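K.L.:
If you scroll down you'll find the structure; I have some questions about it.
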Amino acid sequence: MSRPRVLFFVACPATFAEIIPFLKASGFKVETQPLWQSADSLRLAVSHEVVIVEHSEDSGYSALHWAREFKRSNPTLPVVVATTNGSEEVAIDALRAGLQDYIKLPCPPPSFLARIQKHLPLEQGLMEFSTSQFAGKGSSQMVAASDSMMEIRKYLQKAANSSCTVLITGETGTGKELVAEFIHEHSPRRGKPFVCVNCAAIPETLLESELFGHTRGAFTGAQELTDGLLCSADGGTVFLDEIGDLSPVAQAKILRVLETKQFCRVGGTKQMRLDLRFVAATNQDLYTMTAQKTFRQDLLFRLDVAHVHLPPLRERKEDIPLLVQEFGRQFSQERSSQIPKFTDEFLGGLLKYDWPGNVRELKNVIERLFLLELSTPVGVEHLPAHVRQFLATSSSFSKSERELLISTLFSTKWNKTKAAEMLNWSRMTLYRKIAKYHIPENRPPEEL
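Residues in the sequence shown are numbered from 0 upward in steps of one, following numbering that gives the first Met the number 0.
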């Protein structure tokens with residue numbers, strides 16, 4: 000496959016001094032042109048996968064005008080406006096003009112990469128390149144394009160470099176084990192064991208033996224001395240998954256290990272000391288459980304030193320195109336098969352669906368496509384029946400969302416920051432919705 004080609008039209012070359020080398024190092028072919036040469040470059044733009052136009056109110060050149068011209072000459076060409084001093088009105092005008100994105104500068108190079116990556120065709124050459132530029136190297140690929148996940152990734156990198164315990168919370172399927180692996184692989188303990196303990200899957204009667212091991216004759220059937228999971232993780236990281244399902248007795252035993260860094264094998268008397276880092280995860284509210292006396296408060300305080308809450312996929316749909324790319328790459332390698340071609344209707348369906356099973360459910364949908372071994376482009380008809388049913392019954396959603404947006408804007412007197420906070424959207428999402436629903440500013444609601 001060819002390398003993705005990105006064309007920059009710049010007013011000030013220094014604006015992208017860090018971004019362009021980063022894109023080249025990530026496998027992109029990058030070409031730059033002065034903004035004032037845009038009139039001669041319509042043909043040149045067509046040969047690129049993405050065009051970036053810098054908007055500068057000080058340059059005297061109409062970046063939005065030329066961005067619209069690029070879009071008019073090739074409607075399928077992704078055109079992105081980037082600016083250091085653009086106003087909210089510029090952002091809304093850009094999105095109303097049908098441009099793909101509006102990026103406020105300065106923007107960290109990994110974030111810029113993630114923003115333009117989602118505008119590339121899924122079957123295009125970006126699939127050749129590792130997401131490690133913004134996800135980290137190793138087996139745990141933490142794909143992120145949304146602002147919330149990019150912030151979480153920054154926080155995780157800081158937490159990984161410490162030795163503190165980490166508590167990961169979030170709905171089922173949001174990727175808590177992947178985050179735990181990410182922490183391990185970015186910590187000084189990378190290269191050492193990463194051991195996952197599913198607290199919900201081990202019976203209470205076996206938990207102590209599984210974790211700590213046992214001596215010969217410790218119980219009926221204990222024929223030889225056996226190391227537990229903690230011993231096998233010495234020097235590395237122990238991931239306690241679904242820790243909210245531990246019994247009170249098991250909670251007390253885990254607390255003692257966290258406090259003393261020591262334990263005894265079942266049936267033994269010798270205290271053993273290991274070098275371990277603990278990461279725990281749950282889909283339950285442990286603070287509510289402590290109030291209900293079903294989870295130990297002292298254990299919670301030991302665990303909740305660094306806290307990471309993973310938002311559900313329905314709240315970070317910007318990540319869906321990149322996740323589809325990553326899962327496509329994984330299954331393509333596993334099965335030695337080509338990545339299917341995805342239609343716009345299929346991708347639109349993925350973005351409209353609410354994903355109650357989160358990232359895990361999305362991954363299952365993509366794996367199912369590989370099992371079908373389709374010879375035609377993937378359309379909405381290839382989505383699971385329950386997803387198609389959801390899309391069929393949600394046709395009135397856009398109307399209700401438009402009405403909600405209008406009422407929120409007027410209740411905040413068009414304060415877009417407050418409106419975005421009330422709707423739990425990013426400011427860029429708010430701009431996109433205003434452009435999508437063609438909402439003019441300062442018009443009474445009855446005229447809209």
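Don't be surprised by glycine CBs; every beta carbon is placed ideally from N, CA and C. Remember, predicted model here, so these are calculated numbers, not experimental data.
Write down every uninterrupted run of the beta strand (DSSP E) in the segment 269-346 whose length is 3 residues or greater and which is fully enclosed by it, in chain order.
P.N.:
Listed in chain order, the complete beta strand (DSSP E) runs (minimum 3 residues) inside the segment 269-346 are 276-281 and 305-309.
K.L.:
Note down, one range per segment and in chain order, each alpha helix (DSSP H) of at least 4 residues found wholly within the segment 418-444.
P.N.:
Runs of the alpha helix (DSSP H) inside the segment 418-444: 426-435.
K.L.:
DSSP on LYS415, reduced to helix/strand/coil?
P.N.:
Mapped onto the sequence shown, residue 415 falls at position 416. Helix, per DSSP.
K.L.:
Which class does LEU222 belong to by DSSP, given the choice of helix, strand or coil?
P.N.:
Mapped onto the sequence shown, residue 222 falls at position 223. Contrary to the premise, residue 222 reads as Gln rather than Leu in this sequence. Reduced to three states, the DSSP call for GLN222 is coil.
K.L.:
Taking the alpha carbon of THR281 as the reference point, which residue from GLU241, GLN329, LEU368 and ARG215 has its own alpha carbon closest?
P.N.:
Start at 1 with the first residue of the sequence shown, and residue 281 comes out as number 282. Cα-wise, what sits closest to THR281 is GLU241.
K.L.:
Return the CA-CA distance between VAL49 and LEU275, expressed in angstroms with no decimal places.
P.N.:
As a working mapping, residue 49 is identified with position 50 in the sequence shown. As a working mapping, residue 275 is identified with position 276 in the sequence shown. Answer to the nearest angstrom: the Cα atoms are 46 Å apart.
K.L.:
Please state whether DSSP places TYR101 in a helix, a strand or coil.
P.N.:
As a working note, residue 101 is residue 102 in the sequence shown. Reduced to three states, the DSSP call for TYR101 is strand.
K.L.:
Extract the residue ranges of the beta strand (DSSP E) inside the segment 60-86, only unbroken runs of 3 or more that lie entirely within it.
P.N.:
DSSP runs (the beta strand (DSSP E)) wholly in the segment 60-86: 78-82.
K.L.:
Give the secondary structure of HIS183 by DSSP, where H, G and I count as helix, E and B as strand, and everything else as coil.
P.N.:
Counted from its first residue, the sequence shown places residue 183 at position 184. DSSP places HIS183 in helix when its eight states are reduced to three.
K.L.:
Are the segment 338-356 and the segment 289-304 touching, with three or more C-beta to C-beta distances below 8 Å?
P.N.:
Segments in contact, no.
K.L.:
Between the alpha carbons of ALA249 and VAL265, how many angstroms are there, rounded?
P.N.:
Residue mapping note: residue 249 aligns to position 250 of the sequence shown, counting from 1. Residue mapping note: residue 265 aligns to position 266 of the sequence shown, counting from 1. Each residue's alpha carbon lies about 13 Å from the other.
K.L.:
Kindly give me the distance between the Cβ atoms of ILE201 and PRO108, rounded to whole angstroms, as I take these residues to be in contact under 8 Å.
P.N.:
The residue given as residue 201 occupies position 202 in the sequence shown. The residue given as residue 108 occupies position 109 in the sequence shown. Not a contact, Cβ separation roughly 44 Å.
K.L.:
I need the straight-line Cα distance from GLY190 to PHE181, nearest angstrom please.
P.N.:
In the sequence shown, residue 190 corresponds to position 191, counting from 1. In the sequence shown, residue 181 corresponds to position 182, counting from 1. Roughly 12 Å between the two C-alpha positions.
K.L.:
Does the segment 364-382 come within contact of the segment 183-199, defined as at least 3 CB pairs closer than 8 Å?
P.N.:
Because the criterion of three Cβ pairs below 8 Å is not met, the segment 364-382 and the segment 183-199 do not touch.
K.L.:
Can you find the residues in the same chain that come closer than 6 Å, C-beta to C-beta, to ILE433, ignoring five residues on each side of it along the sequence?
P.N.:
Here residue 433 refers to the residue found at position 434 of the sequence shown. Cβ neighbours of ILE433 beyond the five flanking positions: ILE91.
K.L.:
Once you ignore the five residues that flank ALA179 on each side, which residues in its own chain have a CB closer than 7 Å to its CB?
P.N.:
As a working note, residue 179 is residue 180 in the sequence shown. Same-chain partners within the cutoff: ILE167, PHE238, VAL278 and ALA280.
K.L.:
To the nearest angstrom, report how far apart SER208 and LEU245 are at their CA atoms.
P.N.:
As a first step, residue 208 must be located in the sequence shown, where it is residue number 209. As a first step, residue 245 must be located in the sequence shown, where it is residue number 246. Straight-line Cα distance between these residues: approximately 15 Å.
K.L.:
Out of curiosity, what's the CA-to-CA distance linking PHE211 and VAL194?
P.N.:
Residue mapping note: residue 211 aligns to position 212 of the sequence shown, counting from 1. Residue mapping note: residue 194 aligns to position 195 of the sequence shown, counting from 1. PHE211 and VAL194: Cα-Cα distance of roughly 13 Å.
K.L.:
Can you say whether PRO77 is buried or exposed, counting buried as having 16 or more other CB atoms within 10 angstroms of its CB?
P.N.:
Translated into positions along the sequence shown, residue 77 becomes position 78. PRO77 comes out buried.
K.L.:
Cβ atoms of LEU404 and TYR436: under 8 Å apart, would you say?
P.N.:
Residue mapping note: residue 436 aligns to position 437 of the sequence shown, counting from 1. Residue mapping note: residue 404 aligns to position 405 of the sequence shown, counting from 1. Taking 8 Å as the Cβ cut-off, TYR436 and LEU404 qualify as a contacting pair.
K.L.:
Relative to the C-alpha of GLU170, which candidate in LEU309, GLY243 and LEU254 has its C-alpha closest?
P.N.:
Counting from one through the sequence shown, the residue named residue 170 turns up at place 171. Residue LEU309 is the option with its Cα nearest to GLU170.
K.L.:
Here's a check: name, in chain order, each residue in its chain whose Cβ is nearer than 8 Å to the Cβ of GLU534, leaving out the five neighbours to either side.
P.N.:
Since the first and last residues shown for the chain are 0 and 447, residue 534 lies out of range.
K.L.:
Assuming contact is defined by CB atoms lying nearer than 8 Å, are LEU382 and LEU312 in contact in what I supplied?
P.N.:
Walking along the sequence shown from the start, residue 382 turns up at place 383. Walking along the sequence shown from the start, residue 312 turns up at place 313. Cβ atoms of LEU382 and LEU312: not closer than 8 Å.
K.L.:
Assuming GLN23 is part of the alpha helix (DSSP H), what are its boundary residues?
P.N.:
As a working mapping, residue 23 is identified with position 24 in the sequence shown. Gln is not the amino acid found at residue 23; the sequence shown has Lys there. Start and end: 18-24.
K.L.:
Helix, strand or coil, according to DSSP, for ASN197 in the structure here?
P.N.:
Residue numbering aside, residue 197 sits at position 198 when the sequence shown is read from its first letter. ASN197: strand per DSSP, three-state reduction.
K.L.:
Taking TYR352 as the reference, give the member of GLN324, GLU372 and GLU314 with the closest Cα.
P.N.:
The residue given as residue 352 occupies position 353 in the sequence shown. The residue with the shortest Cα to Cα distance from TYR352 is GLU314.
K.L.:
If you count every other CB in all the chains shown that lies within 10 Å of the CB of VAL80, and 16 or more means buried, which is it?
P.N.:
Within the sequence shown, residue 80 is the residue found at index 81, counting from 1. VAL80 should be labelled buried.
K.L.:
In whole angstroms, what separates the C-alpha of THR407 from that of SER162?
P.N.:
Translated into positions along the sequence shown, residue 407 becomes position 408. Translated into positions along the sequence shown, residue 162 becomes position 163. Distance between the alpha carbons of THR407 and SER162 is about 44 Å.
K.L.:
Apart from the five residues just before and just after THR289, which ones in its own chain have a Cβ nearer than 6 Å to its Cβ?
P.N.:
Indexing the sequence shown from 1 puts residue 289 at position 290. Answer for THR289: GLN296 and LEU299, listed in chain order.
K.L.:
Looking at the unbroken beta strand (DSSP E) that takes in ILE167, where does it start and where does it end?
P.N.:
For the purposes of this step, residue 167 is identified with residue 168 of the sequence shown, where counting begins at 1. Run containing ILE167: 165-169, per the beta strand (DSSP E) assignment.
K.L.:
First and last residue of the alpha helix (DSSP H) that includes GLU360?
P.N.:
Numbered from its first residue, the sequence shown carries residue 360 at position 361. Looking at the DSSP string, the run of the alpha helix (DSSP H) that includes GLU360 is 357-371.
K.L.:
Leaving out five residues before and five after PHE450 in sequence, what residues of the same chain have Cβ atoms less than 6 Å from its Cβ?
P.N.:
Any answer about residue 450 is impossible in this case: the structure gives the chain only from 0 up to 447.
K.L.:
According to DSSP, GLN116 sits in a beta bridge with which residue or residues?
P.N.:
Position 117 of the sequence shown, counting from 1, holds the residue named residue 116. BP columns for GLN116 are empty, so no partner.
K.L.:
In chain order, what residues of the same chain lie with their CB nearer than 8 Å to the CB of PRO192, ignoring the 5 residues before and after it?
P.N.:
Position 193 of the sequence shown holds residue 192. SER231, ALA232, ASP233, GLY234, GLY235 and THR236, listed in sequence order.
K.L.:
So THR75 and THR14 are in contact, right, with Cβ under 8 Å, and what is the actual spacing, rounded?
P.N.:
Counting from 1 along the sequence shown, the entry for residue 75 is found at position 76. Counting from 1 along the sequence shown, the entry for residue 14 is found at position 15. About 27 Å; that fails the 8 Å criterion.
K.L.:
With DSSP run on the structure shown, which of helix, strand or coil describes PHE128?
P.N.:
Position 129 of the sequence shown holds residue 128. Residue placement at PHE128 is poorly supported in this model, since its pLDDT is 36, which falls under 50; the coordinates still yield a value, given next. In this structure, PHE128 counts as coil in the three-state DSSP scheme.
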